[in-house]
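See structure below.
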Amino acid sequence: MENTKLTKLEEVVDKLIEQLKGLKNDKKMLQATLQTRDDKIKALETQVAELNDKQDKISERVDNLINSIEDWEKSPEPAVAEESEGSEGGEDQGHGAPMFT
């Protein structure tokens, strides 16, 4: 009778050992998967930071362009000389379309 109990105990212990081995293998696989995902997350975080930096630079450039346009729109237009000033006999004084020869 003791032999039977001992045999059953050995079987239970063997099953537990096999389960433990399986769990250890599962743990290794999960750790490898976790490490892979951690690496990917770090790479994506770096990429997001770079893209945010680029976006900030582009936004700054666009703001500068808008400010330049607004400044240009606010600036007074240059005075255009009257055609009658200094013109003799209705000759073209260079006003209008440029003429190329």
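For the sequence shown, the numbering used here gives the first residue as 9, with consecutive numbering after it. Using N, Cα and C, we set each Cβ at its ideal position, and we do this for glycine too. Predicted model, so just to flag it, every value in this text is computed and none were measured.
Start and end residues, alpha helix (DSSP H) containing residue i
| i | result |
| --- | --- |
| residue 51 | 10–82 |
Nearest-angstrom Cα separation, counted from residue j out to residue i
| i | j | result |
| --- | --- | --- |
| residue 51 | residue 58 | 11 Å |
| residue 23 | residue 42 | 28 Å |
| residue 11 | residue 17 | 10 Å |
| residue 55 | residue 67 | 18 Å |
| residue 40 | residue 60 | 30 Å |
| residue 34 | residue 70 | 53 Å |
| residue 21 | residue 37 | 24 Å |
| residue 84 | residue 47 | 58 Å |
| residue 53 | residue 72 | 28 Å |
| residue 14 | residue 27 | 20 Å |
Residues of its chain near residue i, where Cβ-Cβ distance is below 8 Å and the 5 sequence neighbours each way are ignored
| i | result |
| --- | --- |
| residue 29 | none |
| residue 62 | none |
Residues near residue i in its chain [Cβ-Cβ closer than 6 Å; skip 5 each side]
| i | result |
| --- | --- |
| residue 65 | none |
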